[in-house]
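K.L.:
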Amino acid sequence: MWMYEKRLAFPINIKKRDLKLAKVIMSQYGGPQGELGAALRYLNQSYTMPDDYGKTLLKDIGTEELSHVEMLCEMMVALTKGATYEDFKEAGMEDYYTEHGIDLYPQNASGLPFTTAYISSVGDVFANIHEDMAAEEKARAVYENLIDLTTDPEVLKPLLFLRQREIVHYARFKELLEHYKNK
Amino acid sequence: MNHINYFKNYLVKDNNLTSDNLGFLRGNMFEDLYKPYKNYQIKEVTITNEKDKLLYEISMYAFIMNDLALYLDTHPNDANVLEKFVEAKMRYCNLVNEYEKKYNALTLTSDSLNTTPWKWLNNWPNGVYN
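Protein chains in written order, with the numbering used here: chain Z, 335 to 517; chain G, 1495 to 1624.
1) Tell me the DSSP bridge mates of Z:Pro447?
2) At what residues does the alpha helix (DSSP H) containing Z:Val489 begin and finish?
3) Could you give the C-beta distance for G:Asn1510 and G:Glu1525, rounded to a whole number, given that I count them as a contact under 8 Å?
4) Can you say whether Z:Thr390 is buried or exposed, counting buried as having 16 or more other CB atoms within 10 angstroms of its CB?
5) With a cut-off of 8 Å, do at least 3 Cβ pairs link the stretch 455–467 of chain Z to the stretch 483–498 of chain Z?
6) Are the C-beta of Z:Lys340 and some C-beta of chain G separated by less than 8 Å?
7) Taking 8 Å as the CB-CB cut-off, is G:Leu1549 touching chain Z?
8) Leaving out five residues on either side along the sequence, give the residues of the same chain with a beta carbon under 7 Å from the beta carbon of G:Lys1578.
9) Report the CB separation of Z:Tyr376 from Z:Leu400 in whole angstroms; it is logged as a contact under 8 Å.
10) How about G:Ile1541 and Z:Leu494: do their beta carbons lie closer than 8 Å?
11) Just mark Z:Glu369 as buried or exposed, buried being the case when its beta carbon has 16 or more other beta carbons within 10 Å.
12) For the stretch 392–426 of chain Z, list every residue whose C-beta sits within 8 Å of some C-beta in chain G, in sequence order.
13) So for G:Leu1564, helix, strand or coil by DSSP?
14) According to DSSP, what are the bridge partners of G:Phe1524?
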């Protein structure tokens, strides 16, 4: 069961429009290393974890990832606020505007729609947790690429925060892996 | 639930926990896990009014609760961190009460929703879907 709380996990104060930045940030919404995939990956795996340790950690991290999806959506909305079709044209984003207008759509940076092929569960607790650890490392690397592409300090703050969460989650998954190795 | 010996070797020391505000801004409450990126510095969040300040503090203690909870999931015997968790939870609950009395409901459990018209519709916090 989930209960919505009417606030963001981390404050977003982006005031400057930047459509191109919104488009690449979208990768962490609906791309292969994105937060939507992360939430589904962990929540989906949580149901069949062999004990309460795995079940609890995957539920908790999966839930946190949903709050990161919300942060990214808020960031993209702030980066495109007030944009007209002319702004989309100027940014070379006619393709996006044609199908989605000013709405959000979970896709990767080059426009491939979100797919469950991004997540995996193979019926083996070790393989699953290794997958989760790799996912955190890949998401960290993508956040670093996005940070490299960003100069707006108000975009950098939440990106640095989200990158750091990948490091913490990786460490916790590694501890969970050790727990199952020693069991 | 059996607590595995492995966990006992990894109990956090008091001085490994970052201060509340810095830990929140970093996105990591644990000094030994913190890895900065290149030479990027952690900057304060801009807050311009009392309402945003209260909401910021709520989010900070909610973050601390969550980060310590993930740690406790893999270190269930760490009394030092549990103590910090209980403290953060208490602060979070008090701040939510104060915010909901002064401004608006954060969840459907808020007493501020007991009167008509239905207030859940209004007063999205600043910065949410703006």
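Glycine included, every Cβ here is placed at the ideal spot set by N, Cα and C. For clarity, every value in this text was computed on a predicted model and none was experimentally measured.
P.N.:
In this structure, then:
1) Answer by DSSP bridge pairing, in chain order: Z:Gln441.
2) Pro487 to Asn516
3) 5 Å
4) Z:Thr390 is classed as buried because its beta carbon has at least 16 other beta carbons within 10 Å across all chains shown.
5) Note that the stretch 455–467 of chain Z does not touch the stretch 483–498 of chain Z; fewer than 3 beta-carbon pairs, one per stretch, sit closer than 8 Å.
6) yes
7) Interface residue, yes.
8) Leu1511 and Leu1562
9) Their Cβ separation, rounded to whole angstroms, is 10 Å, which puts Z:Tyr376 and Z:Leu400 out of contact at 8 Å.
10) Not in contact: G:Ile1541 and Z:Leu494 (Cβ atoms no closer than 8 Å).
11) buried
12) Asp394, Ile395, Glu398, Glu408, Val411, Ala412 and Lys415
13) helix
14) According to the DSSP secondary-structure assignment, G:Phe1524 is paired through a beta bridge with G:Leu1511.
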